[in-house]
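Just so you know, the protein sequences line up as chains B and Y, in that order. Taking UniProt numbering, I'd label the letters of the first sequence as residues 1 to 390. Taking UniProt numbering, I'd label the letters of the second sequence as residues 1 to 229. Reading through the structure tokens given below for one structure.
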Amino acid sequence: MIRIDSVTKRYPDGTVAVDRLSLEIPDRSITVLVGPSGCGKTTTLRMINRMVEPSEGTILIDGVDSRQQPVNTLRRSMGYVIQNAGLFQHRTILDNIATVPRMLGWGKEKSRARARELMERVGLDGTLAKRYPYQLSGGQQQRVGVARALAADPPVLLMDEPFSAVDPVVRKGLQDELLRIQDELGKTIVFVTHDIDEAVKLGTTVAVLRTGGKLAQFAPPAELLSRPADDFVEDFLGADRGIRRLSFFPAAGLELLTTPVVAVDATAERIAEAGAADTPYLLVTDADGRPLGWSEPRDLTAGAITADRLLPYGRPFVAGTDSLRSALDCAVLSPTGWAVAVDASGRATGVVSQQVIAEAIRGAHARIGADAARDADTEPDDGKARKVAP
Amino acid sequence: MSELFDLPSDLQNSYLGLVGLHLREALIPVLVGLLVALPVAQLCVRVRWLYAPVLWVTTVLYAIPSLAFFVILIDYTGLSELTVMIPLAVYSLVVLVPAIVDGVRSVPQETLAAATAMGFGPVRRYVQVQLPIAAPAIIAGLRVASVSSVSLVSVGMLIGNEGALGNLLNSGLTYNQPRLIWLSVVGTAVLALLVDAALIGLRVLLTPWMPRATRRNKVRALTVKEAVR
Ligand SMILES: Nc1ncnc2c1ncn2[C@@H]1O[C@H](COP(=O)(O)OP(=O)(O)O)[C@@H](O)[C@H]1O
Ligand SMILES: [Mg+2]
């Protein structure tokens, strides 16, 4: 565990970048430092590997003052990833990744073998090994940056806005990749960003810093969204935090209606039964059960259902893994106001109305409220809100 | 054909001998200049305020005519090669110091931060990161310094027999033999071009990591910048 203990950083020009900051960074999880530009995130991160020395306070690594060991030993036990990757432009991709192992005396062959292994792990094609950084896209360079930081298998990974300079599509890919890698490796990651969405998506715990390097709130993302500590945090979270918060509520509990779902080849009897469900629309699926579109019950005649006469259904949500946010989004996008639930293979498992989703949201809020009342007495349980796909 | 390259006996050398001598007298000073410029430049990078005065000193030294240098040096080093080479080494600093400083400073902040974060000490960082990335700029400086050194060696004729191809020019004038003058002037020019080409080759060899398209333009821009300085 990394413990930042009332640390202050005053730069020689008098700027107080970090002010009596205390944080406990738990092992094997992603702790995100988020806040507006200039609030001291980089300074905090760099104090952990001593690229910046604290003016006051101490940083403890597994209970030991970080100044107890030689600075370069400390640094080699912490991978560091930055914006624009900071690759060595004069070295091949393979040699870039092998840098720290080589420095630790692993030998050329072993280091390169390790580098190849890491290229695969971060999703880089092996054919890029002999290329130079200028021959790679920004997203690929960033992957190399992550691979290089992981090369010597350090327990800690420090990441300073690593994905800020790439376009949104690539960024999403890199974020997903980081979560996947983290699932496999379980590093202690300290991740700096100014993007609250990124913080909420990646963080097990999020530390919101305000200008002047003061800690505004330190909480799991779900709690941050449901109970911002003050106006600053609420403001920083943005206007749609209510909607975003739904990402943390699973859609699995939604009560799905299966009666209004009919296959194109359904019998007149089945259609009549579906019509009796008393929903304004019926969902028509293909013979395999994949959704095709909506239709009013009276427009359906057995044996004469044509897909092109159906109303589009927007986009389905995956009942088992998606969140209430996703379900609500599907209902809002659907012209009928009903969301279509599918299983992992894309077959319709039922339909659900906006009203039912709204009730589920109210129910989830009520549970959170009850939890909050209980937590008021007991210590909060770290990382209790397991994120579901938004 | 062989008569074309026949030289008067008082030069005590063959044409090829003079070419070899010329190269030696021109390039050893540049090499020494580089060895001096590297630490000086590194000091200028580390201690920012030093750069301006250091640049000023190299410029002033460059402004001293070689003849003045010879007059001072003859008391110590006599009528020797060394008397010619010392001023040339000093002159090369005016190009090499800024070339190295600019090259080292052109290393991106992120790259330096990444190196530090990976546990590079200052020496390792300088040798393994800053110098290699500065190599194109340094070689650009070496090209200007070498070419000007090749052309400057000839003034060595002023102190007797130490001007290499320059002595040939002197003989040509004394014996009124245009052939010798041509041999000297064309020889010097060809030598300068060859040295330049060799350095370009060295750069291509050392920097496979530079984008092909911009490589030529970037280095040319640097060369021009340094030449103007
Ligand atoms: N080397 C430095 N000298 C003086 N002030 C600095 C230095 N580095 C950062 N600062 C100042 O400290 C504050 C925090 O900077 P930083 O940690 O980089 O913020 P962030 O990463 O959150 O944008 C800013 O006001 C910045 O201008
Ligand atoms: Mg920053």
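Even glycine gets a Cβ: it sits at the ideal position worked out from N, Cα and C. None of these values were measured; they are calculated from a predicted model.
- In summary, the residues of the segment 78 to 91 of chain B whose CB is separated from some CB of chain Y by less than 8 Å are Met78, Tyr80, Ile82, Gln83, Asn84, Ala85, Gly86, Leu87, Phe88, Gln89, His90 and Arg91, in the order they occur in the chain.
- Per the coordinates, the alpha-carbon of tyrosine 134 of chain B lies some 23 Å from the alpha-carbon of leucine 199 of chain Y.
- Secondary structure note for proline 178 of chain Y: its alpha helix (DSSP H) is the uninterrupted segment 178 to 206.
- Using a Cβ-Cβ distance cut-off of 8 Å, the segment 240 to 252 of chain B and the segment 311 to 331 of chain B are in contact, since at least three pairs of beta carbons, one from each stretch, lie closer than that value.
- Of the heavy atoms belonging to ligand 2, none sits nearer than 8 Å to the Cβ of lysine 9 of chain B.
- Taking 9 Å as the threshold, the shortest C-beta distance from glycine 141 of chain Y to chain B does not fall below it.
- A distance below 6 Å between beta-carbons, with the five flanking residues on each side excluded, links alanine 98 of chain B to the following residues of its chain, in chain order: Ser111, Arg112 and Ala115.
- Along the segment 42 to 91 of chain Y, the alpha helix (DSSP H) occurs as fully enclosed runs of 4 or more residues at 51 to 63 and 66 to 77, listed in sequence order.
- In this structure, alanine 251 of chain B and phenylalanine 317 of chain B form a Cβ contact; the two beta carbons are roughly 6 Å apart against a cut-off of 8 Å.
- DSSP places alanine 272 of chain B in the uninterrupted alpha helix (DSSP H) bounded by 268 to 275.
- Among the bridge pairs identified by DSSP, methionine 159 of chain B is matched with B:Val81 and B:Phe191.
- Short note on alanine 17 of chain B: C-beta closer than 8 Å to some heavy atom of ligand 1.
- With a cut-off of 8 Å, the C-beta of proline 54 of chain B is classified as distant from ligand 1, since no heavy atom of the ligand falls inside that distance.
- Residue environment for methionine 210 of chain Y: buried (at least 16 other C-beta atoms within 10 angstroms of its C-beta).
- Distances from the CB of proline 12 of chain B to the heavy atoms of ligand 1 include at least one below 8 Å.
- The criterion of a C-beta distance shorter than 9 Å is not satisfied by serine 226 of chain B and histidine 90 of chain B.
- Residue contact check for valine 129 of chain Y against chain B: a CB pair falls below 9 Å.
- Boundaries of the alpha helix (DSSP H) around lysine 110 of chain B: 108 to 121.
- The beta-carbon of glycine 145 of chain B is placed less than 9 Å from the nearest beta-carbon of chain Y.
- When Cβ pairs closer than 8 Å are counted between the two stretches, the segment 61 to 74 of chain B is seen not to touch the segment 82 to 93 of chain Y, the count staying below three.
- Taking non-hydrogen atoms of ligand 2 into account, the C-beta of threonine 42 of chain B is found less than 8 Å away from one of them.
- Counting of Cβ neighbours within 10 angstroms places tryptophan 338 of chain B among the buried residues, the total reaching 16 or more.
- Less than 9 Å separates the beta-carbon of glycine 79 of chain B from that of lysine 187 of chain B.
- According to the DSSP assignment, glutamine 217 of chain B belongs to no alpha helix (DSSP H) but to the beta strand (DSSP E) extending over 214 to 219.
- Under the 10 Å beta carbon count, arginine 212 of chain Y is surrounded by fewer than 16 other beta carbons and is classified as exposed.
- Residue-level contact by beta carbon holds for tryptophan 209 of chain Y and chain B, with a gap shorter than 9 Å.
- Between leucine 104 of chain B and proline 162 of chain B, the alpha-carbon positions lie close to 25 Å from each other.
- Within the segment 97 to 128 of chain B, contact with chain Y at the beta-carbon level (separation under 8 Å) is assigned to Thr99, Val100 and Met103.
- Isoleucine 138 of chain Y has a beta carbon lying at 9 Å or more from every beta carbon in chain B.
- In the pairwise beta carbon analysis, the segment 194 to 202 of chain B is classified as touching the segment 30 to 41 of chain B: at least three pairs are separated by under 8 Å.
- In the DSSP secondary-structure assignment, tryptophan 338 of chain B is bridged to B:Ser353.
- Only those residues of the segment 49 to 71 of chain B whose C-beta falls short of 7 Å from the nearest C-beta of chain Y are listed: Asn49 and Met51.
- In the DSSP secondary-structure assignment, phenylalanine 317 of chain B is bridged to B:Ala341.
- Scanning chain B for C-beta atoms nearer than 9 Å to the C-beta of isoleucine 100 of chain Y yields nothing, as the closest lies near 16 Å away.
- Within 9 Å of the CB of arginine 75 of chain B, the CB atoms of chain Y belong to Thr116, Ala117, Met118, Gly119 and Phe120, in sequence order along the chain.
- Straight-line measurement puts the Cα of alanine 192 of chain Y at about 11 Å from the Cα of leucine 152 of chain Y.
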